[in-house]
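Just so you know, the protein sequences line up as chains Z and V, in that order.
Read in the numbering used here, the first sequence has 104 at position 110, and its numbers run on one by one without any break.
Position in the second sequence (from 1) plus 67 gives the number in the numbering used here.
Each residue gets a CB set at the ideal place from its N, CA and C atoms; glycine is no exception.
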Amino acid sequence: GAGVSQTPSNKVTEKGKYVELRCDPISGHTALYWYRQSLGQGPEFLIYFQGTGAADDSGLPNDRFFAVRPEGSVSTLKIQRTERGDSAVYLCASSLTGLAYNEQFFGPGTRLTVL
Amino acid sequence: RKEVEQDPGPFNVPEGATVAFNCTYSNSASQSFFWYRQDCRKEPKLLMSVYSSGNEDGRFTAQLNRASQYISLLIRDSKLSDSATYLCVVKGGFKTIFGAGTRLFVKA
Chain Z
-5 GAGVSQTPSN KVTEKGKYVE LRCDPISGHT ALYWYRQSLG QGPEFLIYFQ
45 GTGAADDSGL PNDRFFAVRP EGSVSTLKIQ RTERGDSAVY LCASSLTGLA
95 YNEQFFGPGT RLTVL
Chain V
68 RKEVEQDPGP FNVPEGATVA FNCTYSNSAS QSFFWYRQDC RKEPKLLMSV
118 YSSGNEDGRF TAQLNRASQY ISLLIRDSKL SDSATYLCVV KGGFKTIFGA
168 GTRLFVKA
């Protein structure tokens, strides 16, 4: 079956611009996670959705970052006034539920480069 | 102190060797523990969950010591295809914390 998909696969933008990154989770998965991964580091938690609501957004680095999941399926991560330090791979994952033992399935990521 | 700490390596081992990775975590309330594998420029994929009783999946054995807040992964009879980064993962509540990963290179 279809896995988690993310678009675009690569995004190059200029400092100060606005970007949107999209995640399509596995059908039927109620839990959705966003992570950011920099070179040589593990994925860094950003936000977790259970259904339509953000159950934990404690990992968002500042108010330039915002994410939505209006219908409990597709999610969009939005970054305003991008900075060079935002350059990273943004990973999305979904799981059947948010229960601790559920496996998270990752998408291939969006590689964001801010010039 | 990082919430999840791993030796970054790299570990360079010959085929057939046994190699062990360790991981420590700081939050004693953590509930679930995993090892994920990540190949270069690919997404992480679940290798195995880690249970208090220890668990084995073929050549891979994972152990959890809650008292010492320590997780381990043992790989026996290493294959070239085991070359990857191994990520220690700890989950408590909604938040999932990844270690920085340990790089393994298995050479012929």
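- For a Cβ distance threshold of 7 Å, residue set Glu110 of chain V lies close to leucine 85(Z), ordered along the chain.
- When secondary structure is reduced to three states using DSSP, serine 145(V) falls in the coil class, being assigned neither helix nor strand.
- Ranked by Cα distance from glycine 125(V), the first of Leu114(V), Cys155(V), Phe172(V) is Leu114(V).
- Residue environment for cysteine 107(V): exposed (fewer than 16 other C-beta atoms within 10 angstroms of its C-beta).
- Taking 8 Å as the threshold, the shortest C-beta distance from phenylalanine 161(V) to chain Z falls below it.
- Phenylalanine 101(V) and serine 69(Z) have their C-alpha atoms some 25 Å from each other.
- Shown here, aspartate 18(Z) sits in a strand according to DSSP, grouped into three states.
- Spanning the alpha carbons of cysteine 86(Z) and lysine 146(V) requires a straight line of approximately 29 Å.
- Residues of chain Z whose Cβ lies closer than 7 Å to the Cβ of glutamine 130(V) do not exist; the shortest such Cβ separation is about 17 Å.
- Residues of chain Z with a Cβ closer than 8 Å to the Cβ of alanine 167(V) are, in chain order, Gly34, Gln35, Gly36.
- At a cut-off of 8 Å between C-beta atoms, serine 99(V) counts as an interface residue with respect to chain Z.
- A straight-line Cα-Cα distance of about 18 Å links alanine 134(V) and arginine 68(V).
- For leucine 171(V), no CB of chain Z lies under 8 Å from its own CB, so it is not counted at the interface with that chain.
- Close to chain V, meaning a Cβ-Cβ distance shorter than 9 Å, are the following residues of the region 43 to 71 of chain Z: Gln44, Ala49, Asp50, Ser52, Gly53.
- Straight-line measurement puts the Cα of glutamate 38(Z) at about 15 Å from the Cα of leucine 106(Z).
- Restricting attention to Asp149(V), Tyr118(V), Ile142(V), the CA atom closest to the CA of tyrosine 95(Z) is found in Tyr118(V).
- Looking at the DSSP output, valine 156(V) sits in a beta bridge with Phe101(V), Phe165(V).
- DSSP places lysine 5(Z) inside the beta strand (DSSP E), whose first and last residues are 4 to 7.
- The beta carbon of arginine 63(Z) sits closer than 7 Å to the beta carbons of Leu26, Phe43, Thr46, Ser69 from its chain, once the five residues preceding and following it are set aside; these are given in chain order.
- If you draw a straight line from the Cα of isoleucine 164(V) to the Cα of valine -2(Z), it is about 20 Å long.
- Within the region 137 to 154 of chain V, contact with chain Z at the beta-carbon level (separation under 7 Å) is assigned to Leu154.
- In the DSSP assignment, threonine 70(Z) falls within the unbroken beta strand (DSSP E) covering 69 to 73.
- In the three-state DSSP reduction, glycine 125(V) falls in the coil class, being neither helix nor strand.
- Neighbours of alanine 94(Z) in chain V, taken as residues whose beta carbon is under 7 Å from its own, are Gln98, Ser99, Lys158 in chain order.
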